[in-house]
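Residue numbers (this note's numbering): 1 to 115.
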């Protein structure tokens with residue numbers, strides 16, 4: 001009998017049931033290391049306000065927030081609040097090479113602010 005239906009006081013040999021939160025934490029720690037975030041490789045960043053906050057136009061409610069992107073120096077003048085942009089979004093597990101995330105597909109977004 002299992003402890004889920006109220007009868008029985010433990011596991012197979014009378015041991016107390018395991019706490020799932022602890023099991024999940026040990027499994028989470030045992031997984032392979034996560035990929036490092038992708039960095040802007042070699043391109044010079046904008047000297048002032050090098051980060052752009054972008055609202056992606058994905059149409060999914062849980063993505064209704066801004067994401068930070070690096071602004072290269074050559075796009076400094078064009079990257080102004082209110083401008084429509086195309087950004088890489090959605091790097092998944094299958095796009096990891098040598099411990100680095102490779103960029104996802106290009107999607108539309110709106111530049112909200114620069115920091």
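Here a beta-carbon is modelled for each residue, glycine too, at the ideal position from N, C-alpha and C.
Since the model is a prediction, treat every value here as computed from it, not as a measurement.
| Query | Result |
| --- | --- |
| In DSSP terms, what residue 68 is bridged to | 53 |
| C-beta contact flag for residue 110 and residue 85 at 9 Å | yes |
| Burial state of residue 60, where buried means 16 or more other Cβ atoms lie within 10 Å | exposed |
| Residue 108 versus 14, 114, 82, residue with shortest Cα-Cα distance | 82 |
| Sequence-distant residues of its chain with Cβ nearer than 6 Å to residue 104 (five each side left out) | 88, 89, 90, 91 |
| Cβ-based neighbour list, residue 52, same chain, cut-off 6 Å, excluding 5 preceding and 5 following | 69, 71, 79, 111, 114 |
| Enclosing beta strand (DSSP E) for residue 87 [first to last residue] | 84-89 |
| Of the residues 73, 16, 54, the one placed nearest residue 48, counting alpha carbons only | 73 |
| Alpha-carbon to alpha-carbon, residue 43 and residue 64 | 29 Å |
| For residue 74, the three-state DSSP class (helix, strand or coil) | helix |
| Among 55, 75, 15, 96, the one whose alpha carbon lies nearest that of residue 46 | 75 |
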